[in-house]
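Protein chains in written order, with the working numbering: chain A, 1 to 391; chain B, 1001 to 1506.
We treat Cβ as the ideally placed atom computed from N, Cα and C, and that holds for glycine.
Only a predicted model underlies this, so the values are computations on that prediction, with no experimental measurement involved.
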Amino acid sequence: MTSAVTQRRRQSKYLAFLIPVGAVVAALLIGAIMLVTLGANPLEGFQALLKGAFGSKDALIATALKATPLLFVGVGITIAFRANVINIGGEGQMVAGGLLATLTALTLPDLSAWIMLPAVLIAGLVGGAMWGAVPGALKAYFGVNEILSTIMLNVVAVQLMNYLLRGPLIDPGELERGTRIPQTARLQEGADLPLLFGDGRFHIGPLVAVLAAIAAYILLWRTPLGYRLRAVGLNPDASKYAGIPVKRTIVLALTFSGAMAGLAGAVLVFGSESHRMVTDGSTAGFTGSAGFNGIVAALFGGLHPIWTIPASFLFGGLLVGGNAMQRAVQVPSALILALNGLVVVFVVATDRYRKRMLARDVRVDAPEPLASASNSPPTGGPEPPGEKDAS
Amino acid sequence: MLEMRAITKRFPGVLANDRVDFDLRAGEVHTLLGENGAGKSTLMKILYGLYQPDEGEILLNGSPVEIHSPTDAIDLNVGMIHQHFMMVESLTVAENVALGLPSNRGFRTDLDAVSERITELGTRYGLKIDPSATVWQLSVGQKQRVEIIKALFRDANLLILDEPTAVLTPQEVDQLFKTLRQMTEDGRGLIFISHKLHEVLALSDRITVLRQGRITGQVPVEGATRESLARMMVGREVKLAPDKPAVEPGRPRLRIESLTVLGDRGDEAVRSLNLEVRAGEILSIAGVSGNGQREMAETIGGLRQPTSGAIFIDDTDVAGKTPAEIRAAGLSYVPEGRMKNGCIGAFTVSENLLLVDHQKAPYVKWGLFDFGVIKEHSAQLVKQYAVKTPTLDTTARSLSGGNIQKLILAREISGTPKVLVASQPTRGVDIGAAEYIHKRLVEQRTEDTAILVISEDLDEVFALADRIAVIYEGQIMGMVDPATTSREEIGLMMAGVHPETTSDRP
Chain A
1 MTSAVTQRRR
11 QSKYLAFLIP
21 VGAVVAALLI
31 GAIMLVTLGA
41 NPLEGFQALL
51 KGAFGSKDAL
61 IATALKATPL
71 LFVGVGITIA
81 FRANVINIGG
91 EGQMVAGGLL
101 ATLTALTLPD
111 LSAWIMLPAV
121 LIAGLVGGAM
131 WGAVPGALKA
141 YFGVNEILST
151 IMLNVVAVQL
161 MNYLLRGPLI
171 DPGELERGTR
181 IPQTARLQEG
191 ADLPLLFGDG
201 RFHIGPLVAV
211 LAAIAAYILL
221 WRTPLGYRLR
231 AVGLNPDASK
241 YAGIPVKRTI
251 VLALTFSGAM
261 AGLAGAVLVF
271 GSESHRMVTD
281 GSTAGFTGSA
291 GFNGIVAALF
301 GGLHPIWTIP
311 ASFLFGGLLV
321 GGNAMQRAVQ
331 VPSALILALN
341 GLVVVFVVAT
351 DRYRKRMLAR
361 DVRVDAPEPL
371 ASASNSPPTG
381 GPEPPGEKDA
391 S
Chain B
1001 MLEMRAITKR
1011 FPGVLANDRV
1021 DFDLRAGEVH
1031 TLLGENGAGK
1041 STLMKILYGL
1051 YQPDEGEILL
1061 NGSPVEIHSP
1071 TDAIDLNVGM
1081 IHQHFMMVES
1091 LTVAENVALG
1101 LPSNRGFRTD
1111 LDAVSERITE
1121 LGTRYGLKID
1131 PSATVWQLSV
1141 GQKQRVEIIK
1151 ALFRDANLLI
1161 LDEPTAVLTP
1171 QEVDQLFKTL
1181 RQMTEDGRGL
1191 IFISHKLHEV
1201 LALSDRITVL
1211 RQGRITGQVP
1221 VEGATRESLA
1231 RMMVGREVKL
1241 APDKPAVEPG
1251 RPRLRIESLT
1261 VLGDRGDEAV
1271 RSLNLEVRAG
1281 EILSIAGVSG
1291 NGQREMAETI
1301 GGLRQPTSGA
1311 IFIDDTDVAG
1321 KTPAEIRAAG
1331 LSYVPEGRMK
1341 NGCIGAFTVS
1351 ENLLLVDHQK
1361 APYVKWGLFD
1371 FGVIKEHSAQ
1381 LVKQYAVKTP
1391 TLDTTARSLS
1401 GGNIQKLILA
1411 REISGTPKVL
1421 VASQPTRGVD
1431 IGAAEYIHKR
1441 LVEQRTEDTA
1451 ILVISEDLDE
1461 VFALADRIAV
1471 IYEGQIMGMV
1481 DPATTSREEI
1491 GLMMAGVHPE
1501 TTSDRP
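Following this line, the structure appears as structure tokens:
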């Protein structure tokens, strides 16, 4: 490889990294225009946003906690998307994980944290995994589009949660007082996530999420199972030909993906300051839309579990800082949602350019004028140099 | 009628055409011959206005011209028949021909006049076609006729044909060549691009050979041989048929018994087919594409379910089993579509070599990949099978077709299989790589492997086979000995004519 090619390759890698960053900047610029039209000073607003997200120890802790469910879901998304399975069911899987973990804590007698903590986290994993496995099996064995089935299962999960939290699982105290807030009683202390740094809120959730990201990285690139997930995602025909059980692998992809989201649900319940499962009747009331925002964090992280860590932190910061901005420049809270939406749109819309950048460098250092295979997949790139006289 | 002088075209990192001189006289077929990537298509795209040359000039009928787009080329009566057809599938033949042309009736189409002219051209050049037929209903050969008519309709005097025979049956090729000769008799000039040597010798008046962007030979067809042309293409002596040490075939290792398989359209693509391949022999299946070869190979490999019949590898019936089970029984399979099935384009060379064995020791230790062992293993295979790749971490799709094929072969042969099925092992592969692949297949006979080679290329069938089975409409028409048969005999059987004698049957 010549040094010029190496250099070009490196440049193209930088560019690929800069594209999502540029997308965020572009979204913020449009946000600035929106702030101006609302009569607010955008500089002041964004300053408040930054300060609110990253400006103090408190801000950083709030951001890390906000980022935690995004990271769990995002890690699950990388696993699913690598297997070319589109999981839009993070919301429902979080709810399922949260519910099963809550049921576990309510069912088991008071036990020490050494038993309870793993028990509820595993229950969360299992709940989410089940909620992922169902659309996985529907896709693999019955050809049901997973985008539709995962979205539909979000609806099922939220209704199930509403029923349980308003009915069988409702805090008896709510019934006595007649307030009937849909929430459980305070769950047993053995299941509380341990706190760190002597802070009243900062629990081990963020650390578990980072560990999950590392585990997913190892799974995808260091184990035969991860190899199969990626192989099936890139070329199911070749995978089948080589003897890889394609259908089972698709089910597994959604199962793992759901398990990660389920873990997010369990962490939300047992890391919450009230130590109970609460809803306001919508999914977002419990999840804070992390099941959707996690997808964006994963895309922003290039569908790489490790890069999803900083990506989630950034989006967590945007969510936390958005509230600070709202208070500082007195803009409606809807603006923060719009700003988040803009970031999502820009990141997703520019993702193909990022991919193209990464694909291009591979072609630059092709040893010979390009492969002649007539059925090579479309790359979206420009006409490669050399010939295409395949037979 | 055409002169291209000192044409030079550079792409980043590649000199695609290096001071190439090329000329064409009226009434002749001038062939451009060369391996993939030699610069043939680049030169023709320059002539057709798709690329601009960096240096050099083009003269048409003595006067210099600048061709900036295909529209310019068409105005200069230059036509091009692309390898991939450029038609609107849902329109009729006449509509496709008329597409983009001004009508005599202003805004209204004048399809009747177009149809009349299509029929007229068709009769004259033996391009029979129904102008009112919808394009998607046509066979590949018929679609090509429409493409030629399109060019003739636009009064192309100079016609570029980019590998026009790649998709045709032998009969269609004969028909095409008749048409082309008729066109040269009318004073048109043809530029023929191909790498099928016997076709080049059959059709051309002159042959220009390109290698790595340079002309390595410009010869009249008289005196040229396949060997001399191959030498100019590759730059060294090439063995078009590998040396075959005698190997005494052993017991049958692959037995197919009354196998019936449905094709994609639900018809019976393979009909009660019987076949036996013995240890240490290469059995070649010859046949026109679409006679059940692909379905048969896919069924052996477990990619397609048979409706009835049995496939024995040694004594295990693998019919209808999963690909993993069939591989465990001893099958290796080089599939027809190397990018579709044979490899994962976005995976690295190293990862692709692991496609089948990725969960086995020694590549996996304690549930994790042992990259040290994997790297060593792939480096060894890459070296042993002469796969040209800059690194082991290069993605497969950035390799040339020949090197991808060598990569797949390396993976499939390295496990010393009991049975090896190779579908179109050298299709679209350059001569050097094809030579190497043939050598490895022949060598594999000494390992007691039963080898089934499926090929549409009769040259390849003759070069490799110990026995030749001819397939027609899903059945074996006959079994012949390559030493005593002839192309004509096989050609007849490929067309469905039963052999008169069955004395060659083993």
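Rounded C-alpha distance that separates residue i from residue j
| i | j | result |
| --- | --- | --- |
| tyrosine 1385(B) | alanine 1361(B) | 22 Å |
| valine 1497(B) | glycine 1187(B) | 38 Å |
| serine 1400(B) | leucine 65(A) | 50 Å |
| alanine 157(A) | leucine 164(A) | 10 Å |
| asparagine 1096(B) | histidine 1068(B) | 24 Å |
| valine 1364(B) | tyrosine 227(A) | 12 Å |
| threonine 1008(B) | glutamate 1057(B) | 9 Å |
| glycine 190(A) | leucine 148(A) | 38 Å |
| leucine 406(A) | alanine 1073(B) | In the structure as shown, chain A begins at 1 and stops at 391. Residue 406(A) is therefore absent and cannot be evaluated. |
| leucine 1138(B) | serine 257(A) | 46 Å |
| proline 1252(B) | phenylalanine 1312(B) | 9 Å |
| alanine 1006(B) | glutamate 1227(B) | 28 Å |
| aspartate 1459(B) | serine 1486(B) | 12 Å |
| lysine 1239(B) | arginine 222(A) | 43 Å |
| glycine 52(A) | isoleucine 250(A) | 41 Å |
| leucine 28(A) | glycine 39(A) | 16 Å |
| lysine 1383(B) | methionine 1477(B) | 41 Å |
| threonine 1042(B) | glutamate 1003(B) | 16 Å |
| threonine 1184(B) | glycine 1027(B) | 4 Å |
Extent of the continuous alpha helix (DSSP H) run through residue i
| i | result |
| --- | --- |
| tyrosine 141(A) | 113 to 142 |
| serine 147(A) | Per the sequence presented here, residue 147(A) reads as isoleucine, with serine not at that position. Start and end: 146 to 166. |
| valine 1234(B) | 1226 to 1234 |
| valine 1497(B) | From DSSP, valine 1497(B) is part of no alpha helix (DSSP H); its letter is neither H nor E. |
| valine 1097(B) | 1093 to 1098 |
| isoleucine 77(A) | 57 to 82 |
| proline 42(A) | 42 to 54 |
| alanine 242(A) | Looking at the DSSP string, alanine 242(A) is not in any alpha helix (DSSP H), and its letter there is neither H nor E. |
| isoleucine 1074(B) | 1070 to 1075 |
| isoleucine 306(A) | 305 to 329 |
| alanine 105(A) | 90 to 107 |
| proline 461(A) | Outside the shown range of chain A (1 to 391) lies residue 461(A), about which nothing can therefore be said. |
First and last residue of the uninterrupted beta strand (DSSP E) at residue i
| i | result |
| --- | --- |
| alanine 1038(B) | Careful: alanine 1038(B) lies outside any beta strand (DSSP E) and carries neither H nor E. |
| isoleucine 959(B) | Since the first residue shown for chain B is 1001 and the last is 1506, residue 959(B) is missing from the structure and cannot be characterised. |
| isoleucine 1081(B) | 1078 to 1081 |
| asparagine 1274(B) | 1268 to 1278 |
| phenylalanine 1192(B) | 1189 to 1194 |
| tyrosine 1472(B) | 1467 to 1472 |
| threonine 1031(B) | 1029 to 1033 |
Residue i Cβ short of 6 Å to the ligand SAH heavy atom set
| i | result |
| --- | --- |
| leucine 1043(B) | Among the components of this structure there are no ligands whatsoever, and the ligand SAH is therefore not found. |
DSSP bridge partner residues for residue i (one or two, in chain order)
| i | result |
| --- | --- |
| valine 278(A) | Gln183(A) |
| histidine 203(A) | Leu195(A) |
| threonine 1260(B) | Ser1308(B) |
| arginine 1214(B) | Arg1211(B) |
| isoleucine 1313(B) | Leu1254(B) and Thr1316(B) |
| methionine 1004(B) | Phe1022(B) and Ile1058(B) |
| leucine 1450(B) | One point to set straight first is that residue 1450(B) is alanine, not leucine, in the sequence displayed. Answer by DSSP bridge pairing, in chain order: Val1419(B). |
| asparagine 1017(B) | Lys1009(B) |
Item to check | Start-end ranges of the alpha helix (DSSP H) lying completely within the region 1318 to 1352 of chain B, minimum 4 residues | outcome: 1323 to 1328
Item to check | the region 286 to 294 of chain A touching the region 73 to 83 of chain A, judged by at least three CB pairs closer than 8 Å | outcome: Because the criterion of three Cβ pairs below 8 Å is met, the region 286 to 294 of chain A and the region 73 to 83 of chain A touch.
Checklist entry - Does the count of Cβ pairs from the region 264 to 272 of chain A and the region 214 to 223 of chain A closer than 8 Å reach three? => result They do not touch, by the three-pair rule.
Item to check | Length-filtered (4 minimum) alpha helix (DSSP H) runs lying within the region 1104 to 1184 of chain B | outcome: 1111 to 1125 and 1140 to 1153
Next on the checklist: I want to know whether the region 346 to 354 of chain A touches the region 314 to 328 of chain A - three or more CB-CB distances under 8 Å.
Outcome noted: No, the region 346 to 354 of chain A is not in contact with the region 314 to 328 of chain A.
Next on the checklist: Below 8 Å, how does it come out for the region 1208 to 1215 of chain B and the region 1435 to 1444 of chain B: are there three or more Cβ pairs, yes or no?
Outcome noted: no
Next on the checklist: Check whether the region 243 to 262 of chain A and the region 83 to 98 of chain A are in contact - that is, three or more C-beta pairs closer than 8 Å.
Outcome noted: Result yes; three or more Cβ-Cβ pairs closer than 8 Å.
Next on the checklist: Between the region 189 to 203 of chain A and the region 279 to 290 of chain A, can you find at least three pairs of beta-carbon atoms closer than 8 Å?
Outcome noted: no
Item to check | the region 1346 to 1360 of chain B / the region 1399 to 1417 of chain B touching (three or more Cβ pairs under 8 Å) | outcome: yes
Item to check | the region 1306 to 1321 of chain B in contact with the region 1251 to 1269 of chain B per 3-pair CB rule at 8 Å | outcome: yes
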